[in-house]
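What follows is one structure encoded as structure tokens, with my remarks underneath.
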Amino acid sequence: MLADILAVLPETALALMGMVVLILGLAKVRNHLAVAVLTLGSLLLAGVLLSHVGRAVDPGEHFMFGMFVLDRFAIYFKALLLACSFLTVLLSIDYLMRHDARPGEYLALVMLATVGMMTMASGVHLAAIYVGLELMALSTYVLAGYFRRQVKSHEAAAKYFVLGALSSGILLYGLSLLYGATGTLELQAIAGRLAQGPPSAAALAGIGLLACGFLFKVAAVPFHMWTPDVYEGAPTPITTFMSVGPKAAAFAIFLRVFDGGLAPVAESWRPLVWGAAALTMVWGNIAALTQDNVKRMLAYSSIAHAGYALVGLVAGGDAGVQSVLLYMLVYTVTNVGAFGLVILLESRGYAGQTVQDFAGLARKQPVAAFGMLLFLLSLGGIPPTAGFMGKLYVFAAAIRSGYVWLVVIAVLMSAVSLYYYLRIVLQMYLRDGEGVEPAPMVSAVWTERALWACAVAVLLIGLWPGPFAAAAAAGLGIMPLP
């Protein structure tokens, strides 16, 4: 019993502090900075507890009636998810102040979504994974429509809720079919049952439905329809959060379930994921070419990046899993930086919504323009940025596993992506922004701190990838011993 409490101590502490922050919101406390600092402190506390608990428990031991494990894989993703939430809160402070929005409920929902994502990362039982996924999803549904007076925010929340509920139903149905075929929901036991012989039709149907549900959560084609509208309509810090945190958590359970519990029948599901990866890379990049709205363009870009990460899942094995873990880290710091620049420009009087809004930015705000250049180059996979190293590891793992044609598609689509990324660079450095004088500096201290952290991480991973690749390699154990 004590070991069970210890294993979930970071999630418990974060959930309790989330309740405290929620009570502050219900009490209509509008001191944005105090509530935000309390939230940041809670996330740091959860990180410290995670570090101590990770050293105190046996990585192969199961907790909570065999539903929960705290292996290196879980610790890696939990640390990444806490970092995502920490950066989101930093980006949200100035945004909430500028819109005079109540911070309590907003920040509490971010914390509760983080608890759900952390539960997903540690789940080795499909029921526990589903509960964590729903906690995350319900919190993000509300966050997407948090600004009630904005029509686009309402639209984003409604679309996200309806399609998210549909995907959850598909996922739950697949889970029930798999349970009927194997008699268990525990991943290690599922792997043992599937290894005994060819999978039944019910098992294959369940695996297919599970794949569809997970592909929706990572915004892969053809389950991507919600992404552009939701990303455009949601508050920009929440768009940032949804593009990195839930996606990283979804890839954690994708790896845990498919490269772990369903590994004995990999030849049955791998062609499906291969096709989804190829379609996602192609459609995400081609659709982004026609977008003038920057948030929609970055939404399609995030769809394409889900395709690149799926390449690592298709590759499988230690190299494939390591490449996905590293890619999630790279994608997180890069995408948070790109969306953070949009938030910063909004705070300084630029709309930041269309590509043309970036015209002449290098003259008006040279530091911001250089930061956006750095993040766009990383998204495009240009050295010496983190994006280059992330794609290098993914493509190398796929080539080792024999998926050369998938890598060819990925490389070609990476070249296509440079066109729409460089459109913004062209506006910033080669357009004058006629009739617009340099805007006065507006204080956005917390946003700038988040951007500096992301910029340093992008350069550090690009120039010195060894320690980060080693950290990803340390988190390979996705199938703990019973």
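Numbering-wise (my numbering), the sequence shown opens with residue 11 and increments by one. Even glycine gets a Cβ: it sits at the ideal position worked out from N, Cα and C.
Cα-Cα separation, residue i to residue j
i: residue 406; j: residue 415; result: 13 Å
i: residue 473; j: residue 397; result: 11 Å
i: residue 328; j: residue 44; result: 44 Å
i: residue 182; j: residue 197; result: 15 Å
i: residue 413; j: residue 322; result: 10 Å
i: residue 173; j: residue 153; result: 16 Å
i: residue 144; j: residue 85; result: 21 Å
i: residue 280; j: residue 206; result: 19 Å
i: residue 75; j: residue 110; result: 45 Å
i: residue 381; j: residue 211; result: 52 Å
i: residue 249; j: residue 438; result: 23 Å
i: residue 486; j: residue 294; result: 28 Å
i: residue 481; j: residue 330; result: 14 Å
Per-residue DSSP class, three states only, for residue i
i: residue 21; result: helix
i: residue 231; result: coil
i: residue 67; result: coil
i: residue 41; result: coil
i: residue 193; result: coil
i: residue 446; result: In this predicted model, residue 446 has a pLDDT of only 49, less than 50, meaning its place in the structure is not dependable; the value taken from the coordinates is given anyway. In the structure shown, residue 446 sits in coil (DSSP, three-state: anything other than H, G, I, E or B).
i: residue 207; result: coil
i: residue 483; result: helix
i: residue 395; result: coil
i: residue 364; result: strand
i: residue 157; result: coil
i: residue 111; result: coil
i: residue 178; result: helix
i: residue 475; result: coil
i: residue 186; result: helix
i: residue 437; result: helix
i: residue 26; result: helix
Residue environment, residue i, which counts as buried when at least 16 other CB atoms sit within 10 Å
i: residue 33; result: exposed
i: residue 332; result: buried
i: residue 149; result: buried
i: residue 58; result: exposed
i: residue 78; result: buried
i: residue 455; result: exposed
i: residue 234; result: buried
i: residue 425; result: exposed
i: residue 345; result: buried
i: residue 62; result: exposed
i: residue 41; result: exposed
i: residue 370; result: buried
i: residue 429; result: exposed
i: residue 38; result: exposed
i: residue 180; result: buried
i: residue 302; result: exposed
i: residue 315; result: buried
i: residue 471; result: buried
Rounded Cβ spacing between residue i and residue j (contact assumed at less than 8 Å)
i: residue 245; j: residue 163; result: 7 Å
i: residue 354; j: residue 457; result: 5 Å
i: residue 146; j: residue 259; result: 6 Å
Bridge-paired residues (DSSP) for residue i
i: residue 133; result: 78
i: residue 345; result: Looking at the DSSP assignment, residue 345 forms no beta bridge with any residue, so it has no partner.
i: residue 72; result: 79
i: residue 303; result: 364
Interface flag, residue i vs chain B, CB-CB below 9 Å
i: residue 100; result: Annotation note: the requested chain B is absent from the structure, which comprises a single protein chain.
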